[in-house]
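**Student:**
Protein chains: 2
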Amino acid sequence: MSGGDIMKHRDSSPSESDFCMQALDESALNHVAAYFRALSEPNRLRILNTLRNGEKNVSQITQLTGCGQANISKHLALLYEAGLVLRETQGTATYYRIADQATFDLCDIVCGNVAKIVSRQHDSTAALRAQLTAR
Amino acid sequence: MSGGDIMKHRDSSPSESDFCMQALDESALNHVAAYFRALSEPNRLRILNTLRNGEKNVSQITQLTGCGQANISKHLALLYEAGLVLRETQGTATYYRIADQATFDLCDIVCGNVAKIVSRQHDSTAALRAQLTAR
DNA sequence: TTAAATTATCGCTATATAGTTATAATGTCA
DNA sequence: TGACATTATAACTATATAGCGATAATTTAA
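Sequence order for the protein chains is D and S. With the numbering used here applied, the first sequence covers 1 to 135. With the numbering used here applied, the second sequence covers 1001 to 1135.
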């Protein structure tokens, strides 16, 4: 327990407003970039989507996404290294689950931003924007 | 003006809660991935940081980041294509500015997530986590 | 018009990685 | 033990891109 933060009165865990990208050193900036990079691949986003409703093993994810098994394993390893998913072995199967539900909130925020961008750029907006706002 | 959305009563612009990554088609998912990709490079994050306090031209950004001019131009072109920045030419200079302040909010949220991940993974947490929470 | 300043683009190299097939590694069950 | 199921990894190809130097393209100023 630190409790020694100056001008801040809170119990233990920092609130979101405490975080700021400004003035990060190289290492921290690389971590942030790596986090974004983990989310920068369509099939990885598909994988994360399959984990919305709870943990799944590699076979299930492979089937749900339609990708090859080796490919999925590599993507899952990357997501695990990046800290976005947790894993647990049960017998011969390995179950993956989302490390933090906030990941989905983040993705949904980006969907909103992308919808705005698409609205701004073209005005052949309708189709894609409808997709992005669909739920 | 559509106004024909079923079961939704709002004026014109959708609120953030309307967006969700689930059930996106391939095109929309690619757009979301591209958005994350634009943020997945440390020097591009540095560039965005230089735009926090207002627009800057290429020379200024080049000097502030210490990168090469050609490199900065390429990164800026990518950020422009991705819709993250806007640009305006004044004489021989081109000024870039953030398209949406929400971009910084997003980056700060990610800083918070990364801090959590780092806390979870190692416990040589102190240094990096201090960086991520600094402001 | 010429020179200078600013930015974008070209050509290039090095590196990273998405995807595939084949196979190794591990655990389960007969 | 051996057969099977599941997952991770190796080897490979193709593609993307970060970075650099040189240069083209554009505008301003002398």
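All C-beta atoms, glycine included, are put in the ideal place defined by N, C-alpha and C.
1) List, in order along the chain, the chain S residues whose C-beta lies closer than 7 Å to that of Y35/D?
2) Identify, in the order they occur along the chain, each residue of the same chain with its Cβ nearer than 8 Å to the Cβ of V1168/S, setting aside the five sequence neighbours on each side.
3) Flag L1078/S as yes when its Cβ comes closer than 7 Å to any non-hydrogen atom of the ligand HEM, and as no otherwise.
4) Only counting runs of 3 or more residues, tell me where the beta strand (DSSP E) segments fall wholly within the region 45-124 of chain D, in order along the chain.
5) Smallest Cα separation from I98/D: which of L106/D, V85/D, G91/D?
6) Spell out whether any CB of chain S is found under 8 Å from the CB atom of M1/D.
7) Using three-state DSSP, classify S27/D as helix, strand or coil.
8) Can a CB atom of chain D be found closer than 8 Å to the CB of Q1131/S?
9) Since Q121/D meets chain S, which of its residues come closer than 8 Å, beta carbon to beta carbon?
10) Taking F1019/S and F36/D to be in contact with their CB atoms under 8 Å, please state how far apart those CB atoms are, rounded to whole angstroms.
11) Could you tell me which chain S residues have their CB closer than 8 Å to the CB of V58/D, listed as they occur along the chain?
12) Taking 8 Å as the CB-CB cut-off, is V107/D touching chain S?
**Tutor:** Walking through what the data contain:
1) V1110, N1113, V1114
2) Residue 1168/S cannot be examined here, being either before or after the span of chain S that is shown, 1001 to 1135.
3) Although the ligand HEM was asked about, the structure shown includes no ligands whatsoever.
4) 85-90, 93-98
5) V85/D
6) Per-residue confidence for M1/D stands at a pLDDT of 39, beneath the threshold of 50, marking its modelled position as unreliable; no derived number is given.
7) helix
8) yes
9) G1083
10) Not a contact, Cβ separation roughly 18 Å.
11) Result: empty, since nearest Cβ-Cβ is about 21 Å, beyond 8 Å.
12) Residue 107/D is actually Cys in this sequence, not Val. Yes, C107/D lies at the interface with chain S (some Cβ there is under 8 Å from its Cβ).
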